[in-house]
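The sequence shown finishes on residue 435 if you use the working numbering, and the numbering steps up by one all the way, no holes.
What follows is a short report on a single structure.
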Amino acid sequence: MNIAVKPQGVRESDAYILPLAELNPAQTDRFQDDTIWPVFERLRREDPVHFTPESEFGPYWSIVRWDDIMAVDTDHETFSSTEGIGLNTLEARKAFEKALGRSEEEDIAAAKRGEGSFIGIDEPYHAPKRKAVSPTLAPANLAKMSPIVRERAGEILDALPIGEPFDWVDKVSMELTAMTLATLFDFPMEQRRRLTTWSDMFMNEPGHGGVESWEQKIMSIFECRAVFQDLWNQRLDAEPGIDLISMLAHDPATRNMGYEEYQGNVVLLIVGGNDTTRNTISGSVYWLNKNPDQYDKLRADPDLVVNMVSETIRYQTPLAHMSRVATRDVEIGGKTIKKGDRVVMWYISGNRDESVIADPDDFIIDRERPRQHLSFGFGVHRCVGNRLAELQLRILWEEILKRGLEIEVMDKPKYLRSNLIHGIRELPVQIH
Ligand code: HEM
4 MNIAVKPQGV
14 RESDAYILPL
24 AELNPAQTDR
34 FQDDTIWPVF
44 ERLRREDPVH
54 FTPESEFGPY
64 WSIVRWDDIM
74 AVDTDHETFS
84 STEGIGLNTL
94 EARKAFEKAL
104 GRSEEEDIAA
114 AKRGEGSFIG
124 IDEPYHAPKR
134 KAVSPTLAPA
144 NLAKMSPIVR
154 ERAGEILDAL
164 PIGEPFDWVD
174 KVSMELTAMT
184 LATLFDFPME
194 QRRRLTTWSD
204 MFMNEPGHGG
214 VESWEQKIMS
224 IFECRAVFQD
234 LWNQRLDAEP
244 GIDLISMLAH
254 DPATRNMGYE
264 EYQGNVVLLI
274 VGGNDTTRNT
284 ISGSVYWLNK
294 NPDQYDKLRA
304 DPDLVVNMVS
314 ETIRYQTPLA
324 HMSRVATRDV
334 EIGGKTIKKG
344 DRVVMWYISG
354 NRDESVIADP
364 DDFIIDRERP
374 RQHLSFGFGV
384 HRCVGNRLAE
394 LQLRILWEEI
404 LKRGLEIEVM
414 DKPKYLRSNL
424 IHGIRELPVQ
434 IH
């Protein structure tokens with residue numbers, strides 16, 4: 004049995020007791036309990052290209068060091084996105100096959116033909132489809148959006164209770180991201196929280212994050228599909244606009260896409276724009292509270308907001324991983340990954356790689372290179388919404404500091420049970 008020596012300062016957990024071959028870093032309960040860190044710490048030291056032969060997600064490789072993650076993420080010919088970019092359990096796959104009446108093989112075949120949401124297809128199909136939505140998320144359009152985001156952030160903050168505990172996730176993180184997303188889609192503002200609900204339904208397993216059963220989850224997905232199909236029809240008949248649905252409905256690269264492909268892109272944009280930013284907003288409050296010296300620095304110098312936002316995005320790593328499937332035999336870190344093997348890039352671990360980031364486990368808001376992180380990925384699929392995410396966080400914190408709001412975290416956050424969305428479900432706070 005391989006019993007590793009636990010380095011000093013590493014928290015107690017089974018991560019250093021289990022034989023390496025039994026380490027299954029994707030196990031969702033460790034994410035929920037926030038006990039994932041020693042697993043990745045050990046793997047970075049002992050087995051940076053790690054194979055889990057058997058798991059609820061099937062066999063998969065874990066890539067945990069910065070350089071290896073970069074190597075995989077930037078080689079889209081060897082590492083394909085067409086067979087799913089997350090890890091699904093067998094149970095989830097079966098439930099979806101049943102509900103959608105389509106097999107996983109059919110989905111993969113469609114993705115290989117370039118049909119599917121653009122995060123799940125390869126070149127040459129991916130680039131033109133990405134281009135159809137990127138103007139909405141590019142700096143020129145964001146500059147136009149920023150006064151709206153600022154106004155909404157101000158309204159949210161001004162409505163917060165003072166001197167009594169409340170959940171920051173619900174009242175601020177979800178509200179701001181839902182409002183921004185509704186603006187991006189030109190979705191009815193008064194129904195914005197449906198976007199949040201759908202995002203939760205897409206991402207969570209039954210028993211978690213508001214999902215009660217597979218039936219409820221699938222019903223909710225169908226409801227979302229129907230609403231967005233109506234929006235598509237409306238936008239198709241209207242003059243081209245700058246919202247995301249209109250861009251998709253009128254751009255030559257996307258206007259003829261099929262129903263499933265459109266719906267896949269809707270899911271991508273809802274989830275992409277929702278959970279990630281929401282969790283960064285929650286993370287920023289939590290980590291500043293856990294590190295009062297950093298919070299003091301920020302109050303003393305509000306110009307540090309931009310850096311603090313990037314440091315939070317690194318530290319929180321809102322998407323813990325992305326996954327690919329090898330299109331040929333390939334060597335990474337001295338190990339041979341076979342054609343057809345699933346490979347998981349653990350951004351959450353790469354962001355704590357001490358060989359690249361100094362003092363990676365410390366939250367330091369005035370780091371020299373705060374945008375040096377893997378949280379947005381690299382290569383052709385690098386997050387197309389990254390500037391929008393940063394914008395929302397920057398504006399929110401500028402408005403918090405302007406109002407002199409003192410936010411105190413009252414209890415530990417509750418984490419999501421997910422190995423993909425590194426998420427905070429609940430964060431009790433009080434404003435003084
Ligand atoms: C802090 C917030 C965010 C984080 C950490 C994040 C992270 C990521 C990551 C890791 C990827 C995949 C990168 C890769 O495979 O190399 C991605 C792709 C994507 N993200 Fe984000 N994201 C965030 C916010 C947003 C926002 C606000 C939107 C806007 C709607 C968005 C939309 C997308 C889309 C559409 C893709 C697919 C890009 C492609 O395949 O070309 N994301 N994001």
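Even glycine gets a Cβ: it sits at the ideal position worked out from N, Cα and C.
Everything numeric in this text was worked out from a predicted model, so none of it was measured.
- For residue 170, the three-state secondary structure derived from DSSP is strand.
- Scanning the region 142 to 222 for uninterrupted alpha helix (DSSP H) segments of 4 residues or longer gives 142 to 161, 178 to 188, 195 to 206, listed from N- to C-terminal end.
- Here residue 381 has 73, 76, 77 as same chain residues with Cβ atoms under 7 Å from its own Cβ, once five neighbours each way along the sequence are excluded.
- Per DSSP, reduced to three states, the secondary structure at residue 270 is helical.
- Per DSSP, the continuous beta strand (DSSP E) segment holding residue 428 begins and ends at 427 to 429.
- Remark: the C-beta of residue 182 is outside contact range of the ligand HEM, defined as less than 8 Å to any heavy atom.
- A distance of 9 Å or more separates the beta carbons of residue 341 and residue 52.
- One thing to note: residue 60 has its Cβ within 9 Å of the Cβ of residue 90.
- Residue 308 has its CB no nearer than 8 Å to any heavy atom of the ligand HEM.
- Within 8 Å of the C-beta of residue 76 there is at least one heavy atom belonging to the ligand HEM.
- Taken atom to atom, the span from the alpha-carbon of residue 49 to that of residue 335 is near 15 Å.
- C-alpha of residue 242 to C-alpha of residue 255: approximately 15 Å in a straight line.
- By the criterion of a C-beta distance shorter than 7 Å, residue 268 is surrounded in its chain by 120, 121, 251, once the five residues flanking it on both sides are discounted.
- Separation of residue 112 and residue 330 (C-alpha to C-alpha, rounded to the nearest whole angstrom) is 14 Å.
- Inside the region 333 to 421, DSSP marks whole beta strand (DSSP E) runs of 3 or more residues at positions 333 to 335, 338 to 340, 345 to 349, 410 to 412, from first to last along the chain.
- The C-alpha of residue 275 is placed about 13 Å away from the C-alpha of residue 133.
- Taking 9 Å as the cut-off, the beta carbon of residue 325 is found closer than this to the beta carbon of residue 350.
- Distance from the C-beta of residue 352 to the nearest heavy atom of the ligand HEM is not below 8 Å.
- In the DSSP assignment, residue 63 forms a beta bridge with 55.
- Taken from the Cβ of residue 316, at least one heavy atom of the ligand HEM lies inside 8 Å.
- The Cβ-Cβ distance between residue 390 and residue 86 does not fall below 9 Å.
- Here residue 325 is bridged, per DSSP, to 348.
- Separation of residue 44 and residue 352 (C-alpha to C-alpha, rounded to the nearest whole angstrom) is 8 Å.
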